[in-house]
Amino acid sequence: SAVYLPVTPSNVCKPRRLYIDFRDVGWQDWIIAPQGYLANYCHGECPFPLSESLNGTNHAILQTLVHSLDPRGTPQPCCVPIRLSPVSMLYYDNNDNVVLRHYQDMVVDECGCR
Amino acid sequence: GTGEDLKTQERLFLNSLGLSERPTPSEHRRVPSVFWRMLKRMSTREMEARENDPCMVLEYGVRGNIVRFVQDQGRLLSGWSGSCHGCVEKHLFFNMSVLQPVEQLSLARLEVQFQLDVFRTPMFFLGPQALSVSVYKVLRVTLRGANHEANRRLVLSKSVQLEPQSGSLTLDLTALAESWRKPGRNYGLVLEVQPHPAGALARDSFMAHHPGSALAFGTAEASPEFQASLVAVSLNPLQCRTRRKR
């Protein structure tokens, strides 16, 4: 029989707020702008049964099913970013040139169980 | 151990951003206003329209995800009173090896900003003035130097109006800058600036009527300062894919 462990909504996989301040990583001398940005991260459980809101793949749905039968042998699917958005940064490079660069996949918009 | 791990992680991340190591700028150089405008526009667009092509640089009308303001590393070849008689020659050198091999160069635009030093310029030069500007590609460097005629080829020659004390020149150098990316092929440019003949006539007329002015000013030439830079737009196709609708 399946082992069903209730998960409170706050523990469910979803984007969590994370503001990265470039000063915290010591990059303030070469990054001109922005000084930081809202990067976010994914955290939480992917419990059985996977609901629509958890954006699970077919594989993840089956993995949660197997996990519920064998929690020690098979882990839950991972809570990971499934939609990210870009950020543009202005900085000095290794030759003192000013560079404006567009970076993809810098901000977590949506998480899912994969 | 943890410190080393942090350094390794940082290096991996910086590499993915196209940097060999953490930059340590020697001085905080000026950021052109167009870069601030682009940053603001990109940030707004990122918020509004993630589905569109994010790698179009609207300000220059080309595709790219990297815009560089490449600093000139050249040197003055001849000043106003030097060998080129009433003109200034400067060797311009832009280090194009800062572009990674994977990057596709979309645009390279030379921008030269002229400005008259009002404290060192005779009064009759402070009205609208024209300068003759010539740009030469340096083909090779021999003992005779980059500014020797045999070592260079004319790329452009035109007049630049200083209104009222400043003026600018822009020149598309995309093809040339692409050739500079090959190892050992970048000898740079020579920029030659001289007062327009009409300005020289006005100067001679002024000097005829005010013979003491040259002594008063030290020199009777208009002596515009100029700064050259290269705006390079490039595309890293690995870091700039168009998002497809699911």
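Taken in order, these protein sequences are the chains called A and B.
Going left to right, the first sequence walks through residues 5 to 118 as our numbering numbers them.
Going left to right, the second sequence walks through residues 413 to 658 as our numbering numbers them.
Ideal placement from N, C-alpha and C gives every residue a C-beta, glycine not left out.
Along the stretch 573–611 of chain B, the alpha helix (DSSP H) occurs as fully enclosed runs of 4 or more residues at 586–592, listed in sequence order. Neighbours of Met-454(B) in chain A, taken as residues whose beta carbon is under 7 Å from its own, are Ser-92, His-106 in chain order. About 4 Å separates the CB atoms of Met-110(A) and Val-91(A); that is less than 8 Å, so the two are in contact. Between Ala-640(B) and Leu-424(B), the C-beta gap is not smaller than 8 Å, which leaves the two residues out of contact. Of Ile-36(A), Cys-115(A), Pro-81(A), the smallest CA-CA separation from Leu-94(A) is found for Ile-36(A).
Its chain contains Gly-60, Ala-64, Ile-65, Thr-68, Cys-117 as the residues whose beta carbon lies nearer than 7 Å to that of Leu-54(A), once the 5 sequence neighbours on both sides are disregarded; these appear in chain order. Between the alpha carbons of Val-545(B) and Pro-38(A) lies a distance of about 38 Å. In the DSSP assignment, His-440(B) falls outside any beta strand (DSSP E), carrying neither H nor E. Exposed is the label assigned to Asn-427(B), since fewer than 16 other Cβ atoms lie within 10 Å of its Cβ. Residue Leu-519(B) holds the alpha-carbon nearest to the alpha-carbon of Ala-589(B) among Lys-570(B), Leu-519(B), Arg-564(B), Gln-573(B). Listed as beta-bridge partners of Gly-116(A) by DSSP are Val-84(A).
For Gly-415(B), the enclosing alpha helix (DSSP H) begins and ends at 414–428. Looking only at Phe-506(B), Leu-429(B), Ile-478(B), Leu-511(B), the smallest Cα-Cα distance to Glu-523(B) is reached by Phe-506(B). Under a criterion of Cβ atoms nearer than 8 Å, the residues of chain A adjacent to Gln-483(B) are, in order, Asn-99, Asp-100, Asn-101. The C-beta of Tyr-96(A) comes closer than 8 Å to at least one C-beta of chain B. For the pair Val-469(B) and Val-645(B), the CB atoms are nearer than the 8 Å cut-off. Proximity of chain A to Asn-563(B) at the Cβ level (cut-off 8 Å) is not reached, the minimal Cβ distance being about 26 Å.
For Gln-483(B), the enclosing beta strand (DSSP E) starts and ends at 478–483. Annotation: Asn-648(B) to Ser-580(B) spans about 30 Å, alpha carbon to alpha carbon. Distance check between His-440(B) and each of Tyr-107(A), Asn-98(A), Val-29(A), Pro-81(A) places Asn-98(A) closest, using alpha-carbon atoms only.
Shown here, Pro-75(A) sits in coil according to DSSP, grouped into three states, outside any helix or strand. Taking a Cβ-Cβ threshold of 7 Å, the residues of chain B close to Ile-36(A) are Val-443, in chain order.
The three-state secondary structure of Gln-67(A), taken from DSSP, is helix. Using a Cβ-Cβ cut-off of 9 Å, Asp-33(A) is close to Arg-434, Pro-435, Thr-436, Pro-437, His-440 of chain B, given in chain order. Contact between Ser-490(B) and Val-500(B) holds: CB atoms are separated by about 7 Å, below the 8 Å threshold. With contacts defined as CB atoms closer than 8 Å, Val-605(B) and Leu-543(B) qualify as a contacting pair. Leu-58(A) and Lys-18(A) have their alpha carbons spaced roughly 8 Å apart. In the assembly as shown, Gln-485(B) is an exposed residue. Its beta-carbon has fewer than 16 other beta-carbons within 10 Å.
Distance from the CA atom of Lys-502(B) to the CA atom of Val-443(B), rounded to whole angstroms, is 23 Å.
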